[in-house]
Amino acid sequence: KNQVEQSPQSLIILEGKNCTLQCNYTVSPFSNLRWYKQDTGRGPVSLTIMTFSENTKSNGRYTATLDADTKQSSLHITASQLSDSASYICVATGAGSYQLTFGKGTKLSVIP
Amino acid sequence: ETGVTQTPRHLVMGMTNKKSLKCEQHLGHNAMYWYKQSAKKPLELMFVYSLEERVENNSVPSRFSPECPNSSHLFLHLHTLQPEDSALYLCASSQDHWTEHLEPQHFGDGTRLSIL
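These protein sequence lines map, in sequence, to chains P and W.
Using my numbering, you'd call the opening residue of the first sequence number 9 and step up by one each time.
Using my numbering, you'd call the opening residue of the second sequence number 3 and step up by one each time.
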């Protein structure tokens, strides 16, 4: 069964600090890995999409990494801002598929 | 502004009511989706439409009935819902429905549905 596990479930950090969110997936055959940001009361917004051949992709202060051998991905946030407070959702997609397998998300709170 | 608009944003209805959720996308996309988001659970795909044809119905109860009159509009008709149907219903669109094409899905802000 295709699954995506994210850790931690929630995280509180001080403004200006860095943090790393983790994602493990068991989707097979695998095509690509996505990270979304979901602000409270809003829909998810795409941050990055990486194929199995890519190791890293950046979007501003967000940097995603992918290890297709160990089926792990991480999202690193640099110099966090209050506006980074949101849920971050890891999504794995299978080859030849139109379905996305979503994780439950990590809820990040950035405090002053 | 994501280019995907959902109405209403909030809906409270009794179990015997009939209501409809509306989604409109202004991105020129060919695929549209309905998702259900419940607390502490991953997003669940409900329906996929590609060029107005239903591609997927993920074992969704018949009390949920989708309609896609054209590639810009998507509806979810609701009737005789249960309390466990209370959730955030998200609409999304993408250029096409094949995820290998690396096109992101663009989500609306959802309709928060509460069943009394």
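From the three backbone atoms N, C-alpha and C, an ideal C-beta is built for every residue, glycine too.
Since the structure is predicted, the reported quantities are computational estimates derived from the model, not experimental observations.
Outcome for residue i when other beta-carbon atoms lying within 10 angstroms are tallied against a minimum of 16
{"i": "Ile20(P)", "result": "exposed"}
{"i": "Met17(W)", "result": "exposed"}
{"i": "His12(W)", "result": "exposed"}
{"i": "Ala94(W)", "result": "buried"}
{"i": "Gln89(P)", "result": "exposed"}
{"i": "Asp77(P)", "result": "exposed"}
{"i": "Lys45(P)", "result": "buried"}
{"i": "Gln84(W)", "result": "exposed"}
{"i": "Gly51(P)", "result": "buried"}
{"i": "Tyr57(P)", "result": "Correcting the residue identity first, residue 57(P) is Ile in this sequence and not Tyr. Buried."}
{"i": "Gly68(P)", "result": "exposed"}
{"i": "Asp92(P)", "result": "buried"}
{"i": "Leu23(W)", "result": "buried"}
{"i": "Thr73(P)", "result": "buried"}
{"i": "Gln17(P)", "result": "exposed"}
{"i": "Ser96(W)", "result": "buried"}
{"i": "Leu22(P)", "result": "exposed"}
{"i": "Gly30(W)", "result": "exposed"}
{"i": "Gly49(P)", "result": "exposed"}
Selection from the options that minimises the alpha carbon distance to residue i
{"i": "Asp111(W)", "options": "Glu69(W), Arg56(W), Trp36(W), Leu104(W)", "result": "Trp36(W)"}
{"i": "Leu104(W)", "options": "Gly111(P), Phe110(P), Tyr106(P), Gly113(P)", "result": "Tyr106(P)"}
{"i": "Ser36(P)", "options": "Ile97(P), Lys9(P), Asp92(P)", "result": "Lys9(P)"}
{"i": "Val62(W)", "options": "Thr7(W), Glu46(W), Asn32(W)", "result": "Glu46(W)"}
{"i": "Gln30(P)", "options": "Leu41(P), Thr59(P), Gly51(P)", "result": "Leu41(P)"}
{"i": "Asn32(P)", "options": "Phe110(P), Ile119(P), Asn67(P), Pro120(P)", "result": "Phe110(P)"}
{"i": "Ser88(W)", "options": "Met34(W), Asn72(W), Thr113(W), Gln107(W)", "result": "Thr113(W)"}
{"i": "Thr28(P)", "options": "Thr71(P), Thr59(P), Arg50(P)", "result": "Thr71(P)"}
{"i": "Asn32(W)", "options": "Ile117(W), Leu53(W), Val14(W), Pro44(W)", "result": "Leu53(W)"}
{"i": "Val6(W)", "options": "Asn19(W), Val14(W), His28(W), Trp100(W)", "result": "His28(W)"}
{"i": "Phe109(W)", "options": "Ser81(P), Ser18(P), Leu116(P), Ser54(P)", "result": "Ser54(P)"}
{"i": "Leu115(W)", "options": "Val14(W), Pro106(W), Ser67(W)", "result": "Val14(W)"}
{"i": "Ser64(W)", "options": "Thr82(W), Gln107(W), Ser73(W), Thr101(W)", "result": "Thr82(W)"}
{"i": "Phe38(P)", "options": "Leu22(P), Ala94(P), Val12(P)", "result": "Val12(P)"}
{"i": "Ile117(W)", "options": "Glu86(W), Leu78(W), Ala41(W)", "result": "Glu86(W)"}
{"i": "Thr34(P)", "options": "Ile119(P), Gly104(P), Pro120(P), Ala100(P)", "result": "Ala100(P)"}
{"i": "Pro106(W)", "options": "Phe60(P), Ala87(P), Lys25(P), Trp43(P)", "result": "Trp43(P)"}
Inter-residue CB distance, residue i and residue j (contact presumed, cutoff 8 Å)
{"i": "Leu76(W)", "j": "Cys25(W)", "result": "4 Å"}
{"i": "Phe49(W)", "j": "Glu58(W)", "result": "7 Å"}
{"i": "Leu83(P)", "j": "Tyr96(P)", "result": "6 Å"}
{"i": "Leu92(W)", "j": "Lys21(W)", "result": "At roughly 17 Å, the Cβ-Cβ gap does not stay under 8 Å, so Leu92(W) and Lys21(W) are not in contact."}
{"i": "Cys98(P)", "j": "Ser81(P)", "result": "6 Å"}
{"i": "Gln14(P)", "j": "Lys112(P)", "result": "6 Å"}
Cβ-heavy atom distance, residue i to the ligand MN, below 6 Å
{"i": "Gln107(W)", "result": "Among the components of this structure there are no ligands whatsoever, and the ligand MN is therefore not found."}
Contact list for the segment 85-103 of chain P against chain W, Cβ threshold 9 Å
Residues Ile97, Val99, Thr101, Gly102, Ala103.
Below 7 Å between beta carbons is the criterion; list the residues of the segment 28-39 of chain P that meet it against any residue of chain W, in chain order.
Ser39: these are the residues of the segment 28-39 of chain P whose beta carbon lies less than 7 Å from some beta carbon of chain W, given in chain order.
Please list the residues of the segment 98-118 of chain W that have a C-beta atom closer than 9 Å to any C-beta atom in chain P, keeping them in chain order.
Taking 9 Å as the Cβ-Cβ cut-off against chain P, the residues of the segment 98-118 of chain W that qualify are Asp98, His99, Trp100, Thr101, Glu102, Leu104, Glu105, Pro106, Gln107, His108, Phe109, Gly110, Asp111, Gly112, Arg114.
Could I get the ranges of all uninterrupted beta strand (DSSP E) runs contained in the segment 38-108 of chain W, with 3 residues as the minimum, in chain order?
Correct list: 46-52, 55-59, 66-72, 75-81, 89-96.
According to a CB-to-CB cut-off of less than 7 Å, which residues of the segment 30-45 of chain W neighbour chain P?
For the segment 30-45 of chain W, which is checked against every Cβ of chain P, the residues closer than 7 Å are Lys42, Lys43, Pro44, Leu45.
Interfacial residues, the segment 45-57 of chain W to chain P, with Cβ spacing under 9 Å
Residues passing the 9 Å Cβ filter: Leu45, Glu46, Leu47, Val50, Ser52, Val57.
Of the residues that make up the segment 4-29 of chain W, which ones have a beta carbon closer than 7 Å to any beta carbon in chain P?
Residues passing the 7 Å Cβ filter: Thr4.
Below 7 Å between beta carbons is the criterion; list the residues of the segment 71-93 of chain W that meet it against any residue of chain P, in chain order.
The segment 71-93 of chain W vs chain P, Cβ under 7 Å: Leu92.
At which residue ranges does the segment 19-47 of chain P contain complete beta strand (DSSP E) runs of 3 or more residues, listed in the order of the chain?
The qualifying runs are 27-33, 38-46.
At a CB distance below 7 Å, what residues from the segment 105-118 of chain P approach chain W? Give them in sequence order.
Residues passing the 7 Å Cβ filter: Ser105, Tyr106, Gln107, Leu108, Phe110, Gly111, Lys112.
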